[in-house]
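Residue numbers (our numbering), protein chains in the order written: chain P, 1 to 583; chain W, 584 to 889. For every residue, glycine included, the Cβ atom is placed at its ideal position computed from N, Cα and C. As the structure is a computational prediction, the values presented were derived from the model and not from experiment. These notes are about the structure you will find just below.
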Amino acid sequence: MLTTRLRYKFYVICLCSVISAIGWPKDSSAETFTIDFTTLPDKTNISAIPKPDGIIFGGRVEHSSVIVGYPVPPGYYAWSAYMGYGHLGGSFDFTKARVSKITAEVIGVHSVGSFSRNPALNYWATGTSYNPTAQDICFLDTTKFYTECTLVIDGINSSGIFNFQGVGGQVWWVVLIKKLTIDYEPVVFLDLWPHNLQVSQTGASLGSDGILKVVPGIPVKGSVSIISAANSLNQNETRSSILTVQAGNHTYSQSFNLSETRSQQGMLTISFSITFDPSDAGIQTITATVNPGHEPPETDYSYNAKSVQVKVVGDFKLMLNLSVPEVYPNNTSGNSNTIITALLSDSAGNPVYGKSIQFYSAPQDGSGGHIAEIHHGARPKGTFESSSCTTGADGTCQVTYTASQFGGLEKILGNLSGNASVKDSKTLTVKVPALAPLSGGPYTFKCFGNSSEPSCPGGGYGHTSFYSVQSFVDEDMFAIASAYSGTFPGAPLLTVTDASLSWGGLYDYKNTWTNPHRFHREGTDIDIRSTSIPDDNQETFESIVCRLGGFPNLELAGLPNEHYHLYFHTYSSAISSYCQDSQ
Amino acid sequence: MKFSRNIMIALLYLALAPMNAHASELVAGSYDQKNDWLVFQWSSPEYGLRTAMLDSGNKVKPSIHASVLPDGSGSFLYAFEIGNLLGASQLLQHVYISHPSSVTDAKAPAPQSEWDMGEYKNQGIWSWTKVLGSVRGIPAGQTVKGFAFKSKGLPSIVDAKFSGKRRVKFSGPGDEDPDGVQESFDRVYANLKAQYPDKFADTVKQKTVGPIDPPASFNHGSLIQNLILLVSQARLQGWIDNDGIENSFTVKLNNAQSKISAGDMKTAKNVLGAFMSDVQAQNGKHLSAEAYALLYFNAKYIVDHL
Numbered sequence: 001m002l003t004t005r006l007r008y009k010f011y012v013i014c015l016c017s018v019i020s021a022i023g024w025p026k027d028s029s030a031e032t033f034t035i036d037f038t039t040l041p042d043k044t045n046i047s048a049i050p051k052p053d054g055i056i057f058g059g060r061v062e063h064s065s066v067i068v069g070y071p072v073p074p075g076y077y078a079w080s081a082y083m084g085y086g087h088l089g090g091s092f093d094f095t096k097a098r099v100s101k102i103t104a105e106v107i108g109v110h111s112v113g114s115f116s117r118n119p120a121l122n123y124w125a126t127g128t129s130y131n132p133t134a135q136d137i138c139f140l141d142t143t144k145f146y147t148e149c150t151l152v153i154d155g156i157n158s159s160g161i162f163n164f165q166g167v168g169g170q171v172w173w174v175v176l177i178k179k180l181t182i183d184y185e186p187v188v189f190l191d192l193w194p195h196n197l198q199v200s201q202t203g204a205s206l207g208s209d210g211i212l213k214v215v216p217g218i219p220v221k222g223s224v225s226i227i228s229a230a231n232s233l234n235q236n237e238t239r240s241s242i243l244t245v246q247a248g249n250h251t252y253s254q255s256f257n258l259s260e261t262r263s264q265q266g267m268l269t270i271s272f273s274i275t276f277d278p279s280d281a282g283i284q285t286i287t288a289t290v291n292p293g294h295e296p297p298e299t300d301y302s303y304n305a306k307s308v309q310v311k312v313v314g315d316f317k318l319m320l321n322l323s324v325p326e327v328y329p330n331n332t333s334g335n336s337n338t339i340i341t342a343l344l345s346d347s348a349g350n351p352v353y354g355k356s357i358q359f360y361s362a363p364q365d366g367s368g369g370h371i372a373e374i375h376h377g378a379r380p381k382g383t384f385e386s387s388s389c390t391t392g393a394d395g396t397c398q399v400t401y402t403a404s405q406f407g408g409l410e411k412i413l414g415n416l417s418g419n420a421s422v423k424d425s426k427t428l429t430v431k432v433p434a435l436a437p438l439s440g441g442p443y444t445f446k447c448f449g450n451s452s453e454p455s456c457p458g459g460g461y462g463h464t465s466f467y468s469v470q471s472f473v474d475e476d477m478f479a480i481a482s483a484y485s486g487t488f489p490g491a492p493l494l495t496v497t498d499a500s501l502s503w504g505g506l507y508d509y510k511n512t513w514t515n516p517h518r519f520h521r522e523g524t525d526i527d528i529r530s531t532s533i534p535d536d537n538q539e540t541f542e543s544i545v546c547r548l549g550g551f552p553n554l555e556l557a558g559l560p561n562e563h564y565h566l567y568f569h570t571y572s573s574a575i576s577s578y579c580q581d582s583q
Numbered sequence: 584m585k586f587s588r589n590i591m592i593a594l595l596y597l598a599l600a601p602m603n604a605h606a607s608e609l610v611a612g613s614y615d616q617k618n619d620w621l622v623f624q625w626s627s628p629e630y631g632l633r634t635a636m637l638d639s640g641n642k643v644k645p646s647i648h649a650s651v652l653p654d655g656s657g658s659f660l661y662a663f664e665i666g667n668l669l670g671a672s673q674l675l676q677h678v679y680i681s682h683p684s685s686v687t688d689a690k691a692p693a694p695q696s697e698w699d700m701g702e703y704k705n706q707g708i709w710s711w712t713k714v715l716g717s718v719r720g721i722p723a724g725q726t727v728k729g730f731a732f733k734s735k736g737l738p739s740i741v742d743a744k745f746s747g748k749r750r751v752k753f754s755g756p757g758d759e760d761p762d763g764v765q766e767s768f769d770r771v772y773a774n775l776k777a778q779y780p781d782k783f784a785d786t787v788k789q790k791t792v793g794p795i796d797p798p799a800s801f802n803h804g805s806l807i808q809n810l811i812l813l814v815s816q817a818r819l820q821g822w823i824d825n826d827g828i829e830n831s832f833t834v835k836l837n838n839a840q841s842k843i844s845a846g847d848m849k850t851a852k853n854v855l856g857a858f859m860s861d862v863q864a865q866n867g868k869h870l871s872a873e874a875y876a877l878l879y880f881n882a883k884y885i886v887d888h889l
């Protein structure tokens, strides 16, 4: 391609011993390259002469007294081109250098002593942003056989192909450059270009359009290989560069150093990560750019950017479903497990495969008869078989949740891993069903008429509705109290101190989210104040309890907390021993 | 104070450890041979060392005699005389008599107020428990009359259970005990029960006469067969003291059965009438009151329906 731009061959006449006349400072932002063709040996191949990066031109030095038939005075050395018509010219490839100023010392040789037209050294340029002006020309004296001028082109500040040509004279003249000075800034950055840009996301799949479908909130991880031209850097040179990855409003930038050694290896791989938002839904272009701002054609490698498209599926929808919306508290006789099914779908309703769903639970304060403000410590939660699951081909996955030991409401929450905005929740009711307050009868309650006692709601007690039982227990209690009061009409009424909470579960009467009570969870336990039963009546009371469905145990006998615990469910065979009729 | 208490608990566990299947059990259990009861001990952080003694209620020697009489209003009066034989080490406090047929107008021995009595919920058992008075049960060597109820049910052979008054009240681990204590107690309890089954038996069982509903549809054949079965069972219980009597009754009943099978109801009725006369004649001689009640009133029921 370069050769097609050459309009003339260059023949430079020079001396080999003056190679030192060629030089350029390294690693400075503004550098100067000077070549004095008069000092180079005859027939010097200009292409072989070392030149700074970004400056390329060829030709040959001719040291002759006659150029195209026109004698040149001894002592003049010239760089010339021969095309048969005496025009001089050539192309200078500055595509890898940002040239600021070109100074050319020019001589003109005339065979008849004068130019009928004004000869000059003119130039044009291709692939550059610089436009020549009327000042970018030097005119020769047309009245002399040998004449000189200096062409100064300043303020170029561009790369490109610069073409020089003698113009305007008759056929019997030639225009030569004897010395050329180029002020330039090396441009090496754009000898790097991205290659093999790849992106992926955990669980992402290709759409039918071949575009990767990614989800918001989860990092899209990518890698890009940086390829450098072999001549990008000088020996032992290190250059700082930057890679930017742009996708919509998301930018990833990373500086990196490219050393000469790396340059020889030719490739550096950089990893990056871009995380999309739900608002990015749609096609997004991820563009990796090396040293952005350095636009072509400052480099032979016009593409310092590489792109790939992804499809951001922005409006995922997560739906949770519970196999049963109501379970028993844990450590009771009923089922306390519910299977949570998570369904993840995209905006079109298609199931989304391979996404991780995270779960957690939050018990609702105050539910189940536990007054949160009076309890100590955090209310216990239920447990998940696994805290997360990964959606299958149908977009669903399941985990089992085991409710806590406490009656109440437990909110089950799930969200897409890494994107909490894609979420759903369901409220699980944890209760022993069909519990109801003791309906009353010939017995009384601890807090009846004493509601301001510390162990009663009016006195700051941490529970409400703690006289709840199953219906058969209610009937049994009525029968027991009726039988007792019928036997002892003048005796104090039996006093119920505790039963179960309205939704059952662990009844932590000390407000500590733990035992005691161990029992009283399912409405089958009633505590009776033993001091309300005269000693002489106690055996009768026990007998009545036994024949009417209960199992009485005098707990903490002799201690201040002594009370009758009436079991209406035999949790173990030992409890049967509280009545003597069982075997 | 607390330190010494803990040492005491530790020593107790060491002493009882070999008796437990689980060396690490929170509850220690053993059989106390001297007192003939079981001892359980465990520690409660709040209440210290806890002890429960389980005294089985089977240390009684019960006797029961039943008599049945029509009350003139279509029901039978079932009356029981219950004793606690010499050698019993517990007062006989609890009496349970099953009654497949419903009962009414129950009575307890005088003074009746000292006895709690009533229907056992959904179990078809009537119970009497001596809950008041200076002596809370029937002492060894004594017999008490006055247990009774009425029923429209025909006399049949039913279970009677008796239980003695525990010498100590049993109060095992409960609601206030730490996690694991109840479970440990259950294991220790089960292990000891397997090792000493009789020390966990709370009742002594016997047979007596109680009411049972006649079949919903009258079937001569099956009723005669049932009567023949009652004869043999009464003999087994000793309520018929003579094999010859048993054989004589069985022959008569088989004869009645053959007449019924032949459709000769009149002759069958005559044969059953003769059977009833024999029963009456042997009542108090070779037949106890129980045998009399069983055979006479069941035969009468058949005769009345032929």
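| query | Who are the near neighbours of W/Ala874 in its chain, counting only those whose CB is closer than 6 angstroms to its CB and skipping five residues on each side? | reply | Hits under 6 angstroms: Ala817, Trp822, Ile823.
Are the Cβ atoms of P/Phe272 and P/Gly248 separated by less than 9 angstroms?
-> no
Inter-stretch contact at 8 angstroms, needing at least 3 Cβ pairs: the segment 526–535 of chain P / the segment 677–690 of chain W = no
Original post:
Alpha carbon to alpha carbon, how far is P/Tyr77 from P/Leu243?
Top reply: Interpretation of P/Tyr77 is limited by its pLDDT of 45, a score under 50 that renders its predicted location unreliable; no figure is taken from the coordinates.
Problem set entry | Cβ contact check for the segment 752–770 of chain W and the segment 643–659 of chain W: 3 or more pairs under 8 angstroms | As far as the Cβ criterion goes, the segment 752–770 of chain W does not touch the segment 643–659 of chain W, which means the pair count is below three.
| task | May I ask you to list, following chain order, the residues of the segment 443–471 of chain P that have a beta carbon less than 9 angstroms from some beta carbon of chain W? | result | Cβ proximity to chain W below 9 angstroms picks out nothing from the segment 443–471 of chain P.
Host beta strand (DSSP E) of W/Leu675 (start-end): 675–681
Item to complete: Could you pull out every residue in the same chain whose Cβ sits closer than 6 angstroms to the Cβ of P/Pro292, ignoring the five residues on either side in sequence?
Response: Thr244
Worksheet entry | Partners in chain W for P/Ile544, counting only beta-carbon separations shorter than 8 angstroms | Asp699, Gly701
Residue nearest to W/Lys776 in terms of C-alpha spacing, selected from W/Leu609, W/Ser607, W/Ser871, W/Trp620:
For W/Lys776, the nearest C-alpha among the options comes from W/Trp620.
Report task. Go ahead and label P/Trp419 buried or exposed: buried means 16 or more other beta carbons lie within 10 angstroms of its beta carbon, across all protein chains shown. Result -> Reading the sequence as shown, one finds Asn at residue 419 of chain P and not Trp. Classification for P/Asn419: buried.
Chain P residues whose Cβ lies nearer than 8 angstroms to that of W/Ala773: Within chain P, the residues Ser573 have their CB atoms less than 8 angstroms from the CB of W/Ala773, given in chain order.
message: Please state the DSSP three-state secondary structure of W/Asn809.
response: helix
### Message
Looking at chain W, is there any beta carbon in it that lies within less than 9 angstroms of the beta carbon of P/Leu566?
### Response
no
**Asked** Using a C-beta to C-beta distance shorter than 8 angstroms, which residues of chain P count as neighbours of W/Gly640?
**Response** Gln580
Exercise. State buried or exposed for P/Glu373, treating a residue as buried only when at least 16 other CB atoms are found within 10 Å of its CB.
Key: exposed
message: For W/Ser607, tell me which candidate among W/Gly763, W/Ala743, W/Val718 has the shortest Cα-Cα distance.
response: W/Gly763
Are there 16 or more other CB atoms within 10 angstroms of the CB of P/Phe551, so buried, or fewer, so exposed?
By the 10 Å Cβ count, P/Phe551 comes out buried.
Could you tell me the alpha carbon to alpha carbon distance between P/Val152 and P/Ser279, rounded to whole angstroms? 56 angstroms
- Skipping 5 residues on each side, what residues in its chain have a beta carbon closer than 7 angstroms to that of W/Ser685? Contacts found: Ser734.
Practice prompt. Quick one: list the residues of chain W neighbouring P/Asp536, beta-carbon separation under 7 angstroms, in chain order.
Written response: Leu715
In the structure shown, what three-state DSSP assignment does P/Ala589 receive? Residue 589 of chain P is absent from the model: chain P starts at 1 and stops at 583.
Problem - Chain-ordered neighbours of W/Thr712 on chain P, where CB pairs are closer than 7 angstroms - result: Within 7 angstroms Cβ-Cβ: Ser543.
Original post:
To which residues does DSSP link W/Ile708 through a beta bridge?
Top reply: In DSSP, W/Ile708 forms a bridge with W/Ser681, W/Tyr703.
Query - Sequence-distant residues of its chain with Cβ nearer than 7 angstroms to P/Ala481 (five each side left out) - result: So the list reads Gly441, Pro442, Tyr443, Leu494, once near-sequence residues are dropped.
**OP:** Confirm the yes/no value for this check: CB of P/Ser333, any heavy atom of the ligand FAD, distance under 8 angstroms.
**Re:** In the structure on display, the ligand FAD does not appear, and there are no ligands present to speak of.
What residues from chain P crowd round W/Gly757, counting only those whose CB sits closer than 7 angstroms? Asn553, Glu555, His565
Against P/Leu435, what residues of chain W qualify as contacts under a CB-to-CB distance less than 9 angstroms, listed in chain order?
Here the premise fails: no neighbours, minimum Cβ distance about 18 angstroms.
Around the C-beta of P/Ile339, are 16 or more other C-beta atoms found within 10 angstroms, so that it is buried, or is it exposed?
exposed
query = Residues in the segment 512–541 of chain P with C-beta within 9 angstroms of chain W's C-beta atoms, listed in sequence order?
reply = Thr514, Asn515, Pro516, His517, Arg518, Phe519, His520, Asp525, Asp527, Asp536, Asn537, Gln538, Glu539, Thr540, Phe541
task = Starting from P/Leu506, find everything on chain W with Cβ-Cβ shorter than 8 angstroms and list it in chain order.
result = By Cβ distance, chain W contributes nothing, its closest Cβ being about 11 angstroms from P/Leu506, past 8 angstroms.
Within chain P, the residues that W/Leu668 reaches when beta carbons sit closer than 9 angstroms
By Cβ distance, chain P contributes nothing, its closest Cβ being about 19 angstroms from W/Leu668, past 9 angstroms.
Subject >> Contact check, P/Val99 vs P/Asn45, beta carbons under 9 angstroms >> reply: no
*Spatial distance of W/Val792 from W/Val862 (CA atoms)*: 16 angstroms
message: I need the DSSP call for P/Asn157, collapsed to helix, strand or coil.
response: strand
Alpha helix (DSSP H) segments (min. 4 residues) lying fully within the segment 639–667 of chain W
Every candidate alpha helix (DSSP H) stretch fails here, since none sits fully inside the segment 639–667 of chain W while reaching 4 residues.
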